Structures are given as structure tokens and as C-alpha cells.
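S.K.: Sending over a structure as C-alpha cells; questions will come in a sec.
Number of protein chains: 2
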Amino acid sequence: MNEFELIRRYFACQPVARADVVAGIGDDCALLSPPAGQLLAVTSDLLVEGVHFFPDVDPASLGHKALAVNLSDLAAMGAEPAWFMLNLTLPAIDESWLAAFCRGMFMLAREHNVQLVGGDTARGPLAIGIEAQGFVPATTALRRSGAKAGDRIYVTGTLGDAAVALQHRLGKQRLSESDFTVVADRLDRPTPRLREGLALRGLAHAAIDISDGLLADLGHILAMSQTGARVYLDKIPLSAVCRAHVDKFGWEAALATGDDYELCFTVPPQNVATVEKLTFACGLHCIGEIEAETGLRIVDTSGQFYQPAFSGHDHFSSLVKQSI
Amino acid sequence: MNEFELIRRYFACQPVARADVVAGIGDDCALLSPPAGQLLAVTSDLLVEGVHFFPDVDPASLGHKALAVNLSDLAAMGAEPAWFMLNLTLPAIDESWLAAFCRGMFMLAREHNVQLVGGDTARGPLAIGIEAQGFVPATTALRRSGAKAGDRIYVTGTLGDAAVALQHRLGKQRLSESDFTVVADRLDRPTPRLREGLALRGLAHAAIDISDGLLADLGHILAMSQTGARVYLDKIPLSAVCRAHVDKFGWEAALATGDDYELCFTVPPQNVATVEKLTFACGLHCIGEIEAETGLRIVDTSGQFYQPAFSGHDHFSSLVKQSI
Chain A
1 MNEFELIRRY FACQPVARAD VVAGIGDDCA LLSPPAGQLL AVTSDLLVEG VHFFPDVDPA
61 SLGHKALAVN LSDLAAMGAE PAWFMLNLTL PAIDESWLAA FCRGMFMLAR EHNVQLVGGD
121 TARGPLAIGI EAQGFVPATT ALRRSGAKAG DRIYVTGTLG DAAVALQHRL GKQRLSESDF
181 TVVADRLDRP TPRLREGLAL RGLAHAAIDI SDGLLADLGH ILAMSQTGAR VYLDKIPLSA
241 VCRAHVDKFG WEAALATGDD YELCFTVPPQ NVATVEKLTF ACGLHCIGEI EAETGLRIVD
301 TSGQFYQPAF SGHDHFSSLV KQSI
Chain B
1001 MNEFELIRRY FACQPVARAD VVAGIGDDCA LLSPPAGQLL AVTSDLLVEG VHFFPDVDPA
1061 SLGHKALAVN LSDLAAMGAE PAWFMLNLTL PAIDESWLAA FCRGMFMLAR EHNVQLVGGD
1121 TARGPLAIGI EAQGFVPATT ALRRSGAKAG DRIYVTGTLG DAAVALQHRL GKQRLSESDF
1181 TVVADRLDRP TPRLREGLAL RGLAHAAIDI SDGLLADLGH ILAMSQTGAR VYLDKIPLSA
1241 VCRAHVDKFG WEAALATGDD YELCFTVPPQ NVATVEKLTF ACGLHCIGEI EAETGLRIVD
1301 TSGQFYQPAF SGHDHFSSLV KQSI
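As given, the protein sequences belong to chains A and B, one line each in that order. The first sequence finishes on residue 324 if you use our numbering, and the numbering steps up by one all the way, no holes. The second sequence finishes on residue 1324 if you use our numbering, and the numbering steps up by one all the way, no holes.
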């Protein structure tokens, strides 16, 4: 088996067969049939060894995460996922590594009925580029620019777990084995909040997924919407492990580091009752409100403004990533 | 100016503004409005330093080529290009390099009215992944699988120039400076045959772009169409530089090495007269015919079967590329 056949074998046997894929892997292009009357939502994310993940990363987790971070972007638009392309550079062919990588990637693909329709491979330093596509009605797409003064700000799930796990792995903090097990999955196998994004169509004014930290990502909503916000520290949802970490080391893990892939979104007053009734398995918490005055004001329990030590950009010197 | 702002500045100022781009760079996803009643043609190609290009490559040529090889895949489906995403890993920010890269890429984008709508950047070894999208009517898409016995086989332009230029650059052959100038552009700045692909809609039975060599790529058509072919050596179009090379070193450059990005396509007898009347600036040559008997038979001027020394896969040990 040569290198081409091997790779073709691993990827051509992908497990999803959608009716809207007229031609998938194997021609010059994939031929796809988007539904009439909806917009196509398209996103692309890179994961590079030594920048986004450690060289000894579990390949199944890496396969999961490479797809998950793209599906998370679709979730943040309120889009329904459909197809993805994979660009993979590999230093060498390692059959068991590739099998595990595909297992992780395709298990998530199957869960969300998203089909691999093409891509490219090359020999080179390990890097994964995925481009994912989905559908969203034009009128209910969740843009970053839609927030209005008076909107309530919500986040799904809990924040900071991925950052705490990363600090442990970098040797900067020490967690007990059981605590690490709890948070490691948040870093290694994030859950794209696709069902939550779909449920928020027509209810949320603006949304983003938290990949660079709450402050940076909420900051994008504020900048695009030309608004400001007030966020209450004691309303930010934390896991027990992260709560203990925050009490000891401060709020930066929960506020200024990313990789949680929770959704942050804003809801106008008239939709708050409906949103509060949504039952999300991951939970849903109101953490503040959009204000007309620009700037992000973080308020602690004593009513004082809290000034984070860093804001979420360039949060690890080795970690440099930015969407175009 | 930090790294994020710099990259955002270079890419956000892309020169094309299509009416079907509802949201381009700057949100979680691009939002795109595909035309009703057509299929979406999607393709993705990687260029990795040391594999697909030399470290000292001219950045403007690299920007051109990274987009051109993707547009070439759209051309081979008969698709009209619309949008593209860029994933770029860079070892460091070099403003003049980035400006030149963007100039080359955006000049080609403008020529074909194709808009950059998103992507991702990261620090890492230099690599470019582009994913391009276009439209094609379902009934006239040029598939690899459509060839039928009796079809004539055509190629656009001339073959082998890129291979001859590469041999010179690798120090394996020596060209005069004037000869090298003629062929270097074929390797460095290939022309995607988009107008030709559009003109062949409804006329050609099957098509592919030649990126791995005529033998390998025509071989894909034969395999997908479950047919064979006869190709006449003396009908293969060559530039004067490549002709001199072939006379001296044999046919491998023209037959078994790629990067010419010409189209190879098959035409049923009833459409031959119409196709022969098409005026392609790059030229158009009939090189053989599809036969029911499987296998590719190459016939020399004495009527003997010609056996190439290698067939186009793995044609340079450092050059390992394959589409999924």
C-alpha cells in the first residue's frame, strides 16, 4: 500500500452519506446541493503542532478537536452543519495514528451528520486545516454585530476549564489527578454547541463562540455592535475545579483564556423569558447586560470594577492564532 | 501594529466585492448566497514549503499559484469561481513578503472575480491551504467519470513546460537563460483554464486538470469512467523549449510530471465539430481517443507502443501530494 492509497483508504470510508452530496471525495471538486432560500455559512480553522496542541496529543482527541472548533463557529452563527474539507500535512504515515485521528474526527462528524467531501494531504510538519459549511436562514443568522443596549448577555456551560487544564499540562499549576481528569476533556475534546446555536435562531441578537477568552470574544461583539457591556464576576458559571482555581489564582483562566468553545450571546428583553425556558444540557447563565456606553466593565461582588491582568490576546506566547 | 492587526490589514482589504457575499471576513463564519438551481463546486489544495515550492520562492508567484491551483480544479469541473478561504501558517511576520504574496493572490482573484471571505492564520512552518468554491449546473458539470468509448481526447495549451523548468531549478538539466524564462512562468504562475472549462460545459463528457502529469490524470478519467484510451505521442502539444528537451531526454517531462494545470477532456463525436471551432487563446489539441478496452496505450510515430519510464505518481521523492 503506498502513501496515496493509504490516505485515500482512511478518508474515503468516512461514515456519513448525505443526500445533498452529489459528488464527494474523488473528483476535481466536490459537488454539493445547498438548500434553496438559506445562506451558506463557511468557516475555516487551523491546528498546528506546537502552537495549538502538544506533539504527544492523543490523535483521537486531535481529530475530534480539529472538527469541533469549526463546528463551534457554525454553532455561533446559528447554522446547521453539512459538509467539511480536510487539509492535512503529516511528517510520515503512521497507520495507527491515522486510524485514531479518523476515529475521533468521524465520531463527531456522525453525531452531527456532517460529511467529509474532500481536501488535500501533503508531507510536512503536522498541521490540520478544516473548512466547514452549513446552512442558516438569512433573517436568523447570529451575527456578532447585532447586540443592542438593554440585551442580556448569556454564556452556555462553564468557563475556564480548558485554561485550567492547559496550565496543569504546561506545569504552571498542579491539579490532583481526579481534578485534571474532569477538566482535561474540556481542553482536548470540546463540545460544539450546535443544538444551542440552532435553538437561539430568532431569539439572540448576537453570538460568538469563546475561543480566545470571554473578554476578547465578548469584546468582538461589542466592537462589531458599537456597544459596551457590564459583566458581573459572581454570575460567571464555573465548574468546581475552576472555582477552586479562581479562588487561588484569580479570574484570568475564566475570563482571558480560550478554548472553552462555549457560546456567548445577547438576548433582547422581549426574548429573555423564552430563552430562560430553553433546556440546554450544558446549562445557560446570564452574566451581564449590553450598555450603550462603549467599553467592557467587569464588576466584582463589592460593586468595584475588576481589572484583569491580561485580556486574552496573545495569551500564551507560543499560541498565536487569529481568524482572517 | 501587532501580528493580528497586521494580518487582518493585509487580508481584510481584499479587492473583490461580490453581491452574493452577505458577510465576508470578520464574523464566526462567512455568510454566502449561492445561486438557486446550481450545484456548489468545492475544492481544496495545500502548498507546503519544501514539498510544493522552494524556500526562496517569489512570494507574489506563490500567492498567485496557491489560488491558481484551486481555480484550476474549478475549471476542470466547468465551474464558475466565486469565493475562497485562506489558511496560512507563517514562521514570522515579514511585511514585504506578505504584501507581495497578497499582490500575487489578489491580482488573480480580481481577474476572475473571486472573493476572499475568511480563513485562519497561525505561526508555523510556511504552508498555504486554500479552499475555493464556485457554481455549476448539475447537468453540465464536467465529471471525471463521463468518458465513453469513441470520445476524442483533448488537452489545452502545451504540456511539459513546468516539468522542464523544475528540472532546471533542481539542477538536473541545464537550460539557457532565455529558454528558462519562457518555461519558468508555467511552473511559477500557472494559468487556470477557467474560460475554457466554462466553454466546455455541455460539450465535454469528462475533464480533469493536469497536476500530476498527463498519464496519471488521464488515468483518473479512465479509472472513473471504466474505459481505456489510445494517445498518439506526435499529437501531444509541446512548446519549442519542451520539444528540444523531449528530443534530448525523452517524453517523461510531458507525460509523467505535472504542474502544467492544463485541462484534459473527452468529447463525444457529435460535439467534436463544435469544440474544434472554439477559439482558446491557449490552443486546443486532440491527442487520442477513448476506447472500450481498459488501459492506456501510448503510440509512437512508428505505430509502436511507448512505455514511459515512470507514470506520474511520486514523481519526485520530495513531492508527495494527493487530493482526498
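Beta carbons are placed, not taken as given, at the ideal position from N, Cα and C, and that holds for glycine. Nothing here was measured: the structure is a model prediction, and the numbers come from that model.
Residues in the same chain with beta-carbon distance under 8 Å from A/Glu293, minus the five sequence neighbours each way, listed in chain order, please.
M.R.: So the qualifying residues of the chain are Gly228.
S.K.: Check for me: the beta strand (DSSP E) holding A/Asp94 runs from which residue to which?
M.R.: Here A/Asp94 belongs to no beta strand (DSSP E), and DSSP marks it neither H nor E.
S.K.: Residues of the segment 108–122 of chain A in Cβ contact with chain B at a cutoff of 7 Å, in chain order, please.
M.R.: Answer set for the segment 108–122 of chain A: Val117, Gly118, Gly119, Asp120, Thr121, Ala122.
S.K.: Which residue comes first and which comes last in the alpha helix (DSSP H) that contains A/Asp392?
M.R.: Nothing about residue 392 of chain A can be reported from this structure: the residues present for chain A run from 1 to 324 only.
S.K.: Quick check: the Cα distance between A/His220 and B/Ala1165, rounded to an integer number of angstroms?
M.R.: Whole-angstrom Cα-Cα distance: 47 Å.
S.K.: Do A/Asn70 and A/Asp120 have their beta-carbon atoms positioned less than 9 Å apart in this structure?
M.R.: The answer is no: Cβ separation not under 9 Å.
S.K.: With 9 Å as the threshold, decide whether the Cβ of A/His205 is near any Cβ in chain B.
M.R.: Not closer than 9 Å to any Cβ of chain B, the Cβ of A/His205 fails to qualify, so no.
S.K.: Are B/Leu1215 and B/Pro1308 touching if we call contact CB-CB under 9 Å?
M.R.: Yes, the pair counts as a contact, with Cβ atoms nearer than the cut-off.
S.K.: Based on Cα-Cα distance, which residue from B/Pro1055, B/Tyr1232, B/Ala1082, B/Asp1056 lies nearest to B/Leu1067?
M.R.: It is B/Ala1082.
S.K.: For chain B, is any of its Cβ atoms less than 9 Å away from the one on A/Ser33?
M.R.: Yes, contact with chain B.
S.K.: Going residue by residue through the segment 221–271 of chain A, where are the continuous alpha helix (DSSP H) segments of at least 4 residues, counting only ones entirely within it?
M.R.: List check, alpha helix (DSSP H) in window: 240–249, 252–256.
S.K.: Report the residues of the segment 1175–1204 of chain B with a CB closer than 8 Å to any CB of chain A, ordered along the chain.
M.R.: Those would be none; no residue qualifies.
S.K.: Find out if the Cβ-Cβ distance for the pair A/Val48, B/Gly1124 is shorter than 9 Å.
M.R.: Going by C-beta atoms, A/Val48 is nearer than 9 Å to B/Gly1124.
S.K.: Compare the C-alpha of B/Ala1127 against each of B/Pro1059, B/Tyr1010, B/Cys1282, B/Ser1178 and name the closest.
M.R.: Checked all of B/Pro1059, B/Tyr1010, B/Cys1282, B/Ser1178; the closest Cα to B/Ala1127 is B/Pro1059.
S.K.: Along the chain, where does the alpha helix (DSSP H) containing B/Gly1063 start, and where does it finish?
M.R.: 1059–1076 is the span of the alpha helix (DSSP H), which, as asked, contains B/Gly1063.
S.K.: Going by Cα to Cα distance, which pick from A/Gly78, A/Lys235, A/Leu296 is closest to A/His205?
M.R.: Answer by Cα proximity: A/Gly78.
S.K.: Any chance you could list the beta strand (DSSP E) runs of at least 3 consecutive residues sitting entirely within the segment 1135–1185 of chain B, in chain order?
M.R.: DSSP runs (the beta strand (DSSP E)) wholly in the segment 1135–1185 of chain B: 1152–1156.
S.K.: Would the beta-carbon of B/Cys1264 fall within 9 Å of that of B/Ala1223?
M.R.: Not in contact: B/Cys1264 and B/Ala1223 (Cβ atoms no closer than 9 Å).
S.K.: Assign B/Gln1304 to buried or exposed, taking buried as 16 or more other Cβ atoms, counted over all protein chains shown, within 10 Å of its Cβ.
M.R.: Counting Cβ neighbours within 10 Å, B/Gln1304 comes out exposed, since fewer than 16 surround it.
S.K.: Could you list which residues in chain A have their beta carbon closer than 7 Å to that of B/Glu1131, in chain order?
M.R.: Simply Ser44, Met85, Glu131.
S.K.: Do you know how far the Cα of B/Phe1180 is from the Cα of A/Cys29?
M.R.: If I take the Cα positions, the gap works out to 32 Å.
S.K.: Looking at C-alpha atoms only, which residue of A/Leu74, A/Thr156, A/Gly134 is the closest neighbour of A/Gln38?
M.R.: Of the candidates A/Leu74, A/Thr156, A/Gly134, the one whose C-alpha sits nearest the C-alpha of A/Gln38 is A/Gly134.
S.K.: Touching or not, the segment 247–259 of chain A and the segment 280–293 of chain A, by the rule of three or more beta carbon pairs under 8 Å?
M.R.: They do not touch, by the three-pair rule.
S.K.: Of the residues B/Ser1044, B/Lys1065, B/Ile1153, B/Leu1090, which one's Cα is nearest the Cα of A/Gly118?
M.R.: Taking only the C-alpha atoms, the option nearest A/Gly118 is B/Ser1044.
S.K.: Tell me which same chain residues have a C-beta within less than 6 Å of the C-beta of A/Glu131, skipping the five on either side of it?
M.R.: Result list for A/Glu131: Ser44, Met85, in chain order.
S.K.: Tell me which residue opens and which closes the beta strand (DSSP E) that A/Ala292 is part of.
M.R.: Looking at the DSSP string, A/Ala292 is not in any beta strand (DSSP E), and its letter there is neither H nor E.
S.K.: What does B/His1285 pair with, by DSSP beta-bridge criteria?
M.R.: Answer is B/Val1155.
S.K.: Output the distance between the C-alpha atoms of A/Asp56 and A/Arg169, rounded to the nearest integer angstrom.
M.R.: One C-alpha to the other measures close to 12 Å.
S.K.: Hey, quick one: how far does the alpha helix (DSSP H) through B/Arg1123 stretch, first residue to last?
M.R.: It is not in any alpha helix (DSSP H) - B/Arg1123 instead sits in the beta strand (DSSP E) that spans 1115–1123.
S.K.: Give a yes or no on whether 9 Å exceeds the smallest Cβ distance from B/Leu1039 to chain A.
M.R.: Chain A, which has a Cβ nearer than 9 Å to the Cβ of B/Leu1039, makes this yes.
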